[in-house]
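Heads up, the sequence shown is in the working numbering, so the first residue is 1203 and it goes up one at a time. Notes for the one structure printed next.
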Amino acid sequence: MSEINNPVGRLLDYMNAALRIKGDLVACDAWAALLQCEKDDPLAIAKGLREFSDLVDTCETALREHVTGDPSLYLAPLKNVRAMVSKFTFNQAWQACRNHIDAGTMQGLSFGHQNLSNSYPTADTQVQQDILAFVEKLEGLLKECLASDLSEELKALFVRHLEAIRASLLIYLAGGPDKIQEASDQAVGAFVKSLPSVESSSAEGQSLAKKVIEHFSSVNQILAKTHEMVALASPMIEKLLPLLH
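Next up, the structure:
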């Protein structure tokens, strides 16, 4: 898909791809092709459909928050897209799904994409640079975790959540659903449960753990400008930091 910086542009890419799929293809195979998963993997298709629905919800939120004036014109196409993803059977022809994507739907999505291309937070060059710089720091921290003397269990936990935060940032940068806060909160929750193991680690391990927590906190600070509000550093993080010496 082409490079985009907002969710409606991402959805528009999906719709263009959907129209390129032959109408006589079985819907199950067509969805698998559109969502880039194996047609004989129902769990992957189900996950892809859920993420697709999340993207549509993100489009609605973005349009309501960032379009000046009445967003009705831009929201109207989403009704057809939702019908496309909810009113079908896997064994019917793909054309039944394609019928929901008429010229008006595509034009409305195009207008929404053009509007958000300049007003959506990730259209801001500084926000883009901040996110990419933070992703680079996370990648360095991931390598540091793997090379540390932390237990394999703690390594796996830190790496899993750091990678989840990294992925959520890159998805958001590309116009996907905003799952950053969710990934950050899950990371903090997992760390709380593992605190006894961290406290029994070496000085190097505790130092690395403290750095990981600080990065969890920085996720929200990095996105302060993105959401046009004050930094949302979790109070839980501030309580955890003094426990690590």
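We put the CB at the ideal spot given by N, CA and C, even for glycine.
For Ala1295, the pairing in a beta bridge is given by DSSP as Val1228. When C-alpha distances from Ala1369 are compared across Leu1356, Glu1346, Val1337, Ala1264, the shortest belongs to Val1337. Listed in chain order, the non-local C-beta contacts of Val1269 below 8 Å within the same chain comprise Tyr1276, Gly1314, Asn1317, Leu1318, Ser1321, local neighbours out to five positions each way being set aside. For the alpha helix (DSSP H) assignment, the uninterrupted runs of no fewer than 4 residues enclosed by the segment 1299-1386 are, from N- to C-terminal side, 1305-1321, 1327-1349, 1354-1375.
Taking the Cα positions, Val1414 is about 12 Å away from Leu1352.
The C-alpha of Asp1259 lies about 9 Å from the C-alpha of Arg1284. No residue range can be given for Cys1239, since it is assigned to no alpha helix (DSSP H) and is classified by DSSP as neither H nor E.
If you ignore the 5 residues before and after Ser1312, its C-beta comes within less than 8 Å of the C-beta of Leu1214, all in its own chain and listed in chain order. If the five residues before and after Lys1241 are omitted, its C-beta is found closer than 7 Å to the C-beta atoms of Cys1230, Asp1231, Ala1234, all from its own chain and listed in chain order. By the neighbour-count criterion, in which a residue is buried when 16 or more other Cβ atoms sit within 10 angstroms of its Cβ, Pro1323 is buried. With 16 or more other CB atoms across the displayed protein chains lying within 10 angstroms of its CB, Asp1380 is buried. With respect to Leu1364, Leu1343 sits close: the two C-beta atoms are nearer than 9 Å.
Shortest Cα-Cα distance from Asp1226 to any of Tyr1216, Pro1244, Gln1294 involves Gln1294.
Inclusion of Arg1212 and Ala1376 in the CB contact set at 9 Å is warranted, their separation being smaller than that value. Rounded to the nearest whole angstrom, the C-alpha separation of Ser1399 and Ala1305 is 58 Å. For Asp1215, the enclosing alpha helix (DSSP H) begins and ends at 1209-1222. Taking 4 residues as the minimum length, the alpha helix (DSSP H) runs contained wholly in the segment 1244-1292 are 1244-1268, 1274-1288, in order along the chain. Rounded to the nearest angstrom, the gap between the Cα atoms of Phe1393 and Ala1220 is 41 Å.
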